[in-house]
Amino acid sequence: MSSAASNTKKNILILGSTGPLGALTTQEALAHHFKITIFVRSPEKLAQEIKDNQNITARLLTETAKLFPLLPSFSHIVSVLGPQGLSYKGKAISEFYTVLLQKILTFPTSNRPYVLALSTPSQEAPQDTFSLPMYFMLMIFKRVGAGPYSEIRAITQSFEKYGNGIQWTLYRVGYLTDTVGKGFASAGWIGDERWKLSTSRSDIARWLIREVECEESQRKWVGLMPALSED
């Protein structure tokens with residue numbers, strides 16, 4: 097069976113398709129012939145080519161009553177949801193993940209999608225090592241972005257508390273650029289020799305869809321929080 101034919105059968109859910117990274121991820125998924133459902137907060141912000149594509153089903157993120165019954169039909173959930181702006185307050189995203197994960201756990205193991213959700217370097221991982229640029233960035237971020245900082249850490253707590261029995265990965269991204277990359281983001285740990293603060297959105301989108309394409313036995317980041325950066 098061809099790769100295209102195999103991918104056509106994959107039904108994936110993308111959360112956050114209205115932003116630049118979400119739009120690129122959706123377009124990359126379309127290029128790989130996936131069947132796509134998107135739940136968005138502001139449908140009017142969707143790119144026209146996404147609105148017009150017949151392989152995409154679009155719904156409002158607030159319509160959780162329509163979302164949750166569909167969960168067993170998805171092989172993957174790819175989320176680019178994240179706190180927007182330094183003035184962000186509250187726990188809307190982490191609370192949404194808590195409900196989402198609890199709902200997924202009600203389904204048989206074979207019907208539980210693999211969840212890839214966005215995080216940032218403000219959440220450390222046990223595998224990280226010291227990075228001076230990261231240290232200074234966090235010191236500043238804690239002062240001027242206390243709301244987003246708190247939400248990112250609450251997202252991690254949601255997955256660690258309610259993600260047992262679910263395959264999940266929190267991919268951490270730093271400064272996002274619009275550089276049109278040609279490869280894939282490099283996944284590793286903060287402090288690694290190859291790690292950088294910046295990452296191209298297009299490289300992240302390709303990395304995400306490559307992870308979706310991986311066979312279950314090849315998934316190397318399950319239960320982990322890799323830091324993505326430019327290769």
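Residue numbers (the numbering used here): 97 to 327. Quick reminder that beta carbons are idealized off the backbone N, C-alpha and C, glycines included.
Close Cβ partners of Ser102 (< 6 angstroms) along its chain, the five nearest in sequence each way excluded: Its pLDDT being 47, under 50, Ser102 is placed unreliably in this model, and the value from its coordinates should be taken loosely. Leaving aside the five residues that flank Ser102 on each side, none in its chain has a CB nearer than 6 angstroms to its CB.
Alpha-carbon spacing of Val390 relative to Arg239, whole angstroms: Because residue 390 is not part of the residues shown, which for the chain are 97 to 327, the question remains open.
Cβ contact check for the segment 250–268 and the segment 184–194: 3 or more pairs under 8 angstroms: Touching, yes.
Bridge-paired residues (DSSP) for Ile329: Because the chain here runs from 97 to 327, residue 329 falls outside it and cannot be looked at.
When Leu266, Glu307, Leu120 and Thr160 are compared against Val276, the one with the closest alpha-carbon: Nearest to Val276 by C-alpha distance, out of Leu266, Glu307, Leu120 and Thr160, is Leu120.
Run of the alpha helix (DSSP H) containing Thr295, from where it starts to where it stops: Counting along the chain, no alpha helix (DSSP H) covers Thr295; the unbroken beta strand (DSSP E) around it starts and ends at Ser294 to Ser296.
Residue range of the unbroken alpha helix (DSSP H) whose run includes Ser254: Note, Ser254: alpha helix (DSSP H), Ala242 to Tyr258.
Under 8 angstroms between C-beta atoms of Gly319 and Trp264: Contact flag set, yes.
Short Cβ contact (8 angstroms threshold) for Leu126 with Val174: Going by beta carbons, Leu126 and Val174 fall outside the 8 angstroms limit.
Glu124 and Ile305 closer than 8 angstroms at C-beta: In contact: Glu124 and Ile305 (Cβ atoms closer than 8 angstroms).
Neighbourhood of Leu156 by C-beta, 8 angstroms cutoff - its chain only, sequence neighbours within 5 removed: If we look at Leu156 and ignore the five residues flanking it on each side, its Cβ neighbours are Phe135, Val136, Arg137 and Pro139.
Check whether Leu324 and Ala281 have beta carbons under 8 angstroms apart: In contact: Leu324 and Ala281 (Cβ atoms closer than 8 angstroms).
Reduced DSSP category for Trp317 - H, G, I as helix; E, B as strand; rest coil: Coil at Trp317, not helix or strand.
Through-space distance from Leu197 to Gly259, alpha-carbon basis: Roughly 6 angstroms separates the two Cα atoms.
For Thr265, the first and last residue of its enclosing beta strand (DSSP E): Segment Trp264 to Val269, the beta strand (DSSP E) holding Thr265.
Residues sharing a beta bridge with Val211, DSSP: Residue pairing for Val211: DSSP places it in a beta bridge opposite Ile173 and Trp264.
Opening and closing residue of the beta strand (DSSP E) in which Ala283 lies: Segment Ser282 to Gly284, the beta strand (DSSP E) holding Ala283.
For Ala161, the nearest candidate out of Val195, Thr216, Gly241 and Met321 (CA to CA): Of Val195, Thr216, Gly241 and Met321, the residue nearest in Cα terms is Val195.
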